[in-house]
Structures are given as structure tokens and as C-alpha cells.
DNA sequence: CAGAAAAGTTATGGCGCTTAACAAACACTA
DNA sequence: TAGTGTTTGTTAAGCGCCATAACTTTTCTG
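Protein chains in written order, with my numbering: chain B, 38 to 279; chain H, 38 to 279.
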């Protein structure tokens with residue numbers, strides 16, 4: 038990731054701008070070609086440069102991909118956060134719908150970046166510090182976790198559809214998300230993971246075109262009823278507008 | 038896809054065997070390198086041939102990929118069918134667990150092939166005849182559909198957690214799966230799709246390593262409780278062993 | 001056995017990634 | 001203002017892989 042220097046010199050600002058231009062060009066090409074496979078040559082050509090010039094910014098193609106991945110999961114997190122801000126904090130059900138819809142919209146609008154972040158890991162990609170990949174999961178999840186905490190503290194969190202929890206899951210809940218301890222019951226932590234998985238499933242299928250045999254309006258309806266089902270199964274209150 | 042000739046000449050059998058060897062070598066390399074990106078050069082080297090020889094069998098790399106994709110979704114379907122055969126047809130809940138577990142095991146054992154079939158579509162891949170990609174979805178789904186038909190005819194299918202169905206979804210149910218008409222209610226058809234999506238979600242996350250922060254045993258438990266939740270939400274009877 | 005078909009080989013071109021060597025632009029200092 | 005070092009870009013070149021062409025060897029068939 039590239040840190041944008043605020044009080045930086047002219048050169049540093051130019052350099053930062055070039056980093057951004059490279060990444061944006063790469064994303065444009067990915068969108069245009071429907072692939073996560075970007076050619077350095079093409080990026081350089083679009084930018085009006087020669088390919089070797091890019092090596093002043095990235096050591097190799099994998100380093101650019103890594104940067105795009107870390108950017109990607111931050112954008113996903115931001116999209117969700119932004120959607121959440123637009124909803125009354127009291128309206129837990131509405132917040133769930135907003136977050137899930139943001140997740141979906143981001144995946145639909147940026148399927149390649151979505152695939153980079155949450156699809157099959159790219160081979161050359163080395164995960165620094167426990168891995169942004171894992172961070173992506175935890176980042177998206179932490180907002181979900183916050184939702185469950187809110188629901189629990191405001192006593193709107195019902196028991197999930199399945200309450201059997203194995204010790205392994207309980208241990209993991211304690212280890213990885215200690216902020217939930219004493220607030221969100223273990224069975225709700227499990228339900229939260231399953232809500233995320235269920236959401237991710239329908240979003241993945243749609244983003245990769247496996248639901249194209251549906252009319253767009255039917256897909257919308259299917260998605261909305263899906264996340265309503267997920268909310269019910271997880272014990273979240275359903276949207277206040279219904 | 039390569040049709041295996043039964044009463045074929047020596048040469049035809051040799052050719053078919055070479056096709057199989059190419060595909061198996063490609064899959065081995067994919068497993069070994071953790072990529073769907075296979076080099077013709079490497080395949081040839083492992084097979085003790087020169088790269089151009091492979092062009093007697095596949096016009097280009099994309100054609101091999103297409104073959105692997107169509108093979109892949111057939112293998113997935115077979116794995117599910119095989120798992121289903123081992124369970125008492127009366128035990129709807131057990132059959133759901135078996136099918137879902139087979140889906141999971143296949144994805145875990147062949148993550149690259151799973152990514153090819155149900156991940157982001159590969160760019161050069163042209164879908165013949167409405168597309169194997171869509172066929173993959175429908176193929177896996179038709180077995181799910183059969184499960185719901187069985188459940189409905191034996192009166193074990195309860196109402197799903199969400200019963201609101203939009204006209205678009207109902208139309209699609211009628212158009213694409215007429216075999217369900219009059220047997221499986223539309224809300225159950227919708228629930229079936231959502232069950233598949235939910236299953237796919239947790240399987241994708243696990244196959245791509247996004248649940249690696251769980252202990253293996255915890256992942257198993259999470260998966261089992263997930264599909265139990267999904268079954269409940271869809272109105273399927275839960276496994277008879279519980 | 002002869003000729004055709006199939007399968008494989010070497011030779012070759014093209015393209016993309018990447019490094020090396022060089023040139024121009026820029027910034028800082030005397 | 002001139003000089004010097006850094007940054008950013010260029011051209012040249014090597015390597016590897018995809019793919020085609022032309023040629024050779026093997027295998028089938030009449």
C-alpha cells in the first residue's frame with residue numbers, strides 16, 4: 038500500500054500520484070478485459086510510458102497485485118462502513134441489509150478486485166504479517182461483529198436457529214474476537230460466521246455470473262430474501278421497514 | 038471433453054489415453070503449484086514430450102482449460118451423486134448432509150478445479166451451448182432439486198424460514214425447473230437456491246483459505262452446524278442421526 | 001510392402017517480464 | 001548561477017513461454 042504524503046515534497050507527491058495512476062490503470066484494464074491478469078506492458082502503454090519504467094514503482098507484477106489486494110479489502114471495508122453510516126444505529130435490521138447490500142454492490146461493480154481479495158489466492162502473493170487475506174476476512178467481519186454487539190447490548194439479538202456449538206468454535210471465538218466475550222453468546226458468534234458465509238455465497242455466485250440465468254430483478258429479489266433469511270437464522274432483527 | 042472410445046482402434050485408444058494423461062498432468066501441476074495457471078511447457082516436460090506435440094491434442098491453452106472445466110463440473114456432480122447413493126433415500130436430512138459434505142470435500146481436495154468451475158470465469162473461455170458454467174450451476178442444482186422433490190412428495194418438506202417470493206423468482210422457477218411445478222412450492226424453490234448459495238459460501242471461503250484462522254476441527258464443526266442451519270432455514274428435515 | 005495418416009521433433013517468430021546501461025529532469029547546495 | 005547527486009525515465013538485451021511451420025518417424029491399412 039502507498040502512503041499518501043501530506044506535507045511532502047513535489048517529487049514525493051508526483052510519485053504518489055504515479056502509484057495511484059498505475060493502480061487505477063491496472064484496475065481499468067482488469068475491468069475492461071474481465072481478468073485479474075494484467076500485463077505490465079499494457080499498463081505502461083495506456084499510461085504513455087515504457088514497461089521498464091514501472092519497475093521504479095513495483096519490483097514486479099506480484100508486488101502490484103499485492104498492493105491491489107490490500108487496497109481492495111480496504112475499499113470493501115470502506116464501502117460497508119459508508120453504507121452503515123447512512124442508517125439509523127438503532128435499526129439493526131436495516132444496518133444488516135445495508136452492509137450486506139454494500140458487500141454485494143461492491144462485488145458486482147468490481148468483480149475482479151473482489152476475486153483478488155476473496156477469491157482464490159494468487160500464487161506469487163506472499164502474505165505479509167499473518168496476511169491481508171486473513172485481514173480481509175477479519176476486516177469485513179469486524180463490522181459484522183460490531184453489528185452483533187450492538188444487537189446484543191440493545192437486547193435485540195435473539196437466539197440463532199442452531200445453538201449447538203462445538204468447543205473448537207467457542208475457543209476460536211474467544212481467541213480471535215475477545216471483544217465479543219460476555220456480550221455476544223458463542224452460538225451467536227457461530228451464527229455470525231454463518232451469516233457471513235451465506236452472504237458471501239450468494240454474492241460470489243452472482244459476481245462470477247453463476248446466477249445469470251435469473252433476470253436482474255429476480256436476482257435482486259432473491260438477494261433480499263436471502264439476507265432476510267440469513268438475518269432470521271442468525272437471530273438478528275429483520276429490517277424495520279418490513 | 039474427450040469421449041472414451043470402447044471399440045476403438047489401437048491408435049484411438051492411445052490418443053484418448055494421451056488426452057487423459059495431459060489433463061491429469063495439468064491437474065497435478067495445478068495442485069503442486071496451487072494455481073490454475075498451467076504452462077504447456079511444464080506439462081510437456083513432465084510427460085516427456087516437447088511442447089509443440091501438445092498442439093496435436095489441444096488447439097491452445099484455453100481449449101485445455103475448457104476441457105478441464107467441463108470435466109470438473111462432471112466430477113463435482115459425480116462426487117455428489119456418489120455420496121447420495123450411500124444414504125438411505127428416505128433419510129432426506131442425511132442426504133442433504135451427504136451432498137453438502139461431498140460438495141465441500143471436492144472443493145477442499147481440488148481447490149483449483151473448484152475455482153475453475155465455480156470461481157471467476159477464465160477470460161479465454163468461450164461457453165459452448167449456453168455454457169458449461171451455467172450447466173455446472175444447474176447440474177449441482179438438479180441434484181439439490183431432486184432432494185427437495187423427494188422431501189415434498191414424502192411430505193417432509195416444511196415451510197422455509199422466508200416465504201415471501203417475488204414474481205421474478207417464481208417465473209424463473211417455472212421456466213428453468215418445470216419439474217418442480219406442482220410439487221415443490223415456489224417459496225421452497227427460493228429456499229433451495231438460498232441453501233445452495235449458503236453452502237457455496239462456506240465452501241468457497243474454506244477452499245480459498247479464508248477460514249484458515251480456524252482449527253481444522255473447528256472448521257468441521259462450523260461446517261456441520263452451518264448446513265444444519267441451512268437445512269432448517271430451507272424447511273428440509275434435519276439429519277435423522279440428531 | 002507401399003502409401004497415407006498420425007504423432008512427434010526441430011526451427012522459428014512473437015510477446016511479455018525483467019535487468020542493465022544510459023540519458024534527461026530535477027533538487028539541493030556552494 | 002553553476003555543480004553535483006538523486007530520481008525518473010529511456011533504449012537495448014536476455015529469458016521463457018505460446019504458437020506455427022516444416023520436417024521426420026511411427027503406425028495403421030489395403
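For each residue, glycine too, the CB sits at the ideal point set by N, CA and C. None of these values were measured; they are calculated from a predicted model.
Pick out whichever of the options has its Cα sitting closest to the Cα of residue i.
{"i": "residue 222 of chain H", "options": "H:210, H:72 and H:231", "result": "H:210"}
{"i": "residue 186 of chain H", "options": "H:126, H:71, H:253 and H:56", "result": "H:126"}
{"i": "residue 113 of chain B", "options": "B:232, B:175 and B:95", "result": "B:175"}
{"i": "residue 213 of chain B", "options": "B:193, B:134, B:230 and B:199", "result": "B:230"}
{"i": "residue 208 of chain H", "options": "B:133, B:69, B:252 and B:148", "result": "B:252"}
{"i": "residue 246 of chain H", "options": "B:99, B:151, B:157 and B:97", "result": "B:157"}
{"i": "residue 99 of chain B", "options": "B:159, B:177 and B:194", "result": "B:159"}
{"i": "residue 148 of chain H", "options": "H:70, H:48 and H:80", "result": "H:70"}
{"i": "residue 203 of chain H", "options": "B:257, B:182 and B:195", "result": "B:257"}
{"i": "residue 128 of chain H", "options": "H:52, H:116 and H:193", "result": "H:193"}
{"i": "residue 65 of chain B", "options": "B:52, B:53 and B:80", "result": "B:80"}
{"i": "residue 266 of chain H", "options": "B:232, B:276 and B:275", "result": "B:232"}
{"i": "residue 152 of chain B", "options": "B:48, B:54, B:74 and B:276", "result": "B:74"}
Can you grab the Cα-Cα spacing for the pair residue i / residue j, in whole Å?
{"i": "residue 109 of chain B", "j": "residue 154 of chain B", "result": "6 Å"}
{"i": "residue 279 of chain B", "j": "residue 191 of chain B", "result": "In this prediction, residue 279 of chain B scores a pLDDT of 45, lower than 50, which makes its location untrustworthy; the coordinate-derived value is nonetheless stated afterwards. Between residue 279 of chain B and residue 191 of chain B, the C-alpha separation is close to 20 Å."}
{"i": "residue 46 of chain B", "j": "residue 107 of chain B", "result": "25 Å"}
{"i": "residue 179 of chain H", "j": "residue 140 of chain H", "result": "14 Å"}
{"i": "residue 241 of chain H", "j": "residue 260 of chain H", "result": "12 Å"}
{"i": "residue 184 of chain H", "j": "residue 111 of chain H", "result": "19 Å"}
{"i": "residue 67 of chain B", "j": "residue 143 of chain H", "result": "29 Å"}
{"i": "residue 39 of chain H", "j": "residue 101 of chain H", "result": "Its pLDDT being 49, under 50, residue 39 of chain H is placed unreliably in this model, and the value from its coordinates should be taken loosely. Computed Cα separation, rounded: 11 Å."}
{"i": "residue 41 of chain H", "j": "residue 50 of chain H", "result": "Residue confidence for residue 41 of chain H is low, a pLDDT of 49 falling below 50, so the modelled location carries little weight; the figure read from the coordinates is stated next. If you take the alpha carbons of residue 41 of chain H and residue 50 of chain H, they lie about 8 Å apart."}
{"i": "residue 215 of chain H", "j": "residue 132 of chain H", "result": "23 Å"}
{"i": "residue 264 of chain B", "j": "residue 150 of chain H", "result": "29 Å"}
{"i": "residue 90 of chain B", "j": "residue 58 of chain H", "result": "42 Å"}
{"i": "residue 273 of chain B", "j": "residue 115 of chain H", "result": "37 Å"}
{"i": "residue 60 of chain B", "j": "residue 105 of chain B", "result": "7 Å"}
{"i": "residue 249 of chain H", "j": "residue 201 of chain B", "result": "22 Å"}
{"i": "residue 145 of chain B", "j": "residue 243 of chain B", "result": "7 Å"}
{"i": "residue 195 of chain B", "j": "residue 52 of chain B", "result": "52 Å"}
{"i": "residue 177 of chain B", "j": "residue 54 of chain H", "result": "47 Å"}
{"i": "residue 182 of chain H", "j": "residue 122 of chain B", "result": "40 Å"}
{"i": "residue 275 of chain H", "j": "residue 85 of chain H", "result": "52 Å"}
{"i": "residue 124 of chain H", "j": "residue 48 of chain H", "result": "41 Å"}
{"i": "residue 224 of chain B", "j": "residue 224 of chain H", "result": "27 Å"}
{"i": "residue 97 of chain B", "j": "residue 96 of chain H", "result": "31 Å"}
{"i": "residue 76 of chain H", "j": "residue 76 of chain B", "result": "17 Å"}
Does the distance from the C-beta atom of residue i to that of residue j stay below 7 Å?
{"i": "residue 197 of chain H", "j": "residue 234 of chain H", "result": "no"}
{"i": "residue 83 of chain B", "j": "residue 62 of chain B", "result": "yes"}
{"i": "residue 205 of chain B", "j": "residue 255 of chain H", "result": "yes"}
{"i": "residue 199 of chain B", "j": "residue 262 of chain H", "result": "yes"}
{"i": "residue 118 of chain B", "j": "residue 135 of chain B", "result": "no"}
{"i": "residue 226 of chain B", "j": "residue 236 of chain B", "result": "no"}
{"i": "residue 72 of chain B", "j": "residue 88 of chain B", "result": "no"}
{"i": "residue 188 of chain B", "j": "residue 220 of chain B", "result": "no"}
Please report the Cβ distance between residue i and residue j, rounded to the nearest whole angstrom; I am assuming they are in contact, meaning their Cβ atoms lie under 8 Å.
{"i": "residue 130 of chain H", "j": "residue 270 of chain H", "result": "Actually they do not touch by this definition, with Cβ atoms about 13 Å apart."}
{"i": "residue 92 of chain H", "j": "residue 56 of chain H", "result": "So it is not a contact: roughly 13 Å between Cβ atoms."}
Interface positions of the segment 262-275 of chain H facing chain B (Cβ-Cβ less than 7 Å), listed along the chain: 262, 263, 265, 266, 269 and 270
Short-range partners of chain B found in the segment 205-222 of chain H, where Cβ spacing is below 8 Å: 205, 206, 208, 209 and 213
Residues within the segment 145-158 of chain B neighbouring chain H, beta-carbon criterion of under 9 Å: 148, 149, 151, 152, 155, 156, 157 and 158
Against chain B: residues of the segment 109-136 of chain H by CB proximity under 9 Å: none
Interface positions of the segment 189-205 of chain H facing chain B (Cβ-Cβ less than 7 Å), listed along the chain: 198, 199, 201, 203 and 205
Where the segment 244-256 of chain B meets chain H: residues whose CB sits under 9 Å from a CB there: 244, 245, 246, 247, 248, 249, 250, 251, 252, 253, 254, 255 and 256
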